[in-house]
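Notes for the one structure printed next.
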Amino acid sequence: MSAPDLSRRLELQARVGVPDGAGGLSESWETLGVLWAAMDRRTGRETAAPGGPVGLTRWRITVRGARVGSPARPAPGQRFREGARCFAIRAVGEADPRGRYLLCDADEEVAA
Numbered sequence: 721m722s723a724p725d726l727s728r729r730l731e732l733q734a735r736v737g738v739p740d741g742a743g744g745l746s747e748s749w750e751t752l753g754v755l756w757a758a759m760d761r762r763t764g765r766e767t768a769a770p771g772g773p774v775g776l777t778r779w780r781i782t783v784r785g786a787r788v789g790s791p792a793r794p795a796p797g798q799r800f801r802e803g804a805r806c807f808a809i810r811a812v813g814e815a816d817p818r819g820r821y822l823l824c825d826a827d828e829e830v831a832a
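Using our numbering, read the sequence shown as starting at 721 and increasing by one per residue.
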């Protein structure tokens, strides 16, 4: 496997619960760190959502490898953020037997 061009700066974020002042929790996102990535667009389509139709684009995002359990390793349920764009991470796996890189399947939703 040739080395990917890790030229996109992405924030890795995890969902956290924040007290809402009324005894409950509100969802927010906490930045865990910055990762450099290569991004390849896969497919796109329009889909229905509660607020109306959205455009759904699937991405294959490559980042440097990290061991399972490391805070630098992306995980399903987390997301990448690039400015105002968000990419929900659906799956993560090693790109090669040595684990030098990780492949992350992610979705980006944009209001149609």
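Just so it is clear, CB atoms sit at the ideal spot from N, CA and C, and this is done for glycine as well.
Predicted model, so just to flag it, every value in this text is computed and none were measured.
Between Leu745 and Ala723, the alpha-carbon positions lie close to 42 Å from each other.
Beta-bridge partners assigned by DSSP to Thr767: Val774. Judged by their CB atoms, Arg793 and Arg801 are not nearer to each other than the 8 Å cut-off.
According to the DSSP secondary-structure assignment, Val788 is paired through a beta bridge with no residue.
Within the same chain, and ignoring the five residues on either side of Glu766 in sequence, the residues whose Cβ sits closer than 8 Å to its Cβ are Pro773, Val774, Gly775, Leu776 and Ala832.
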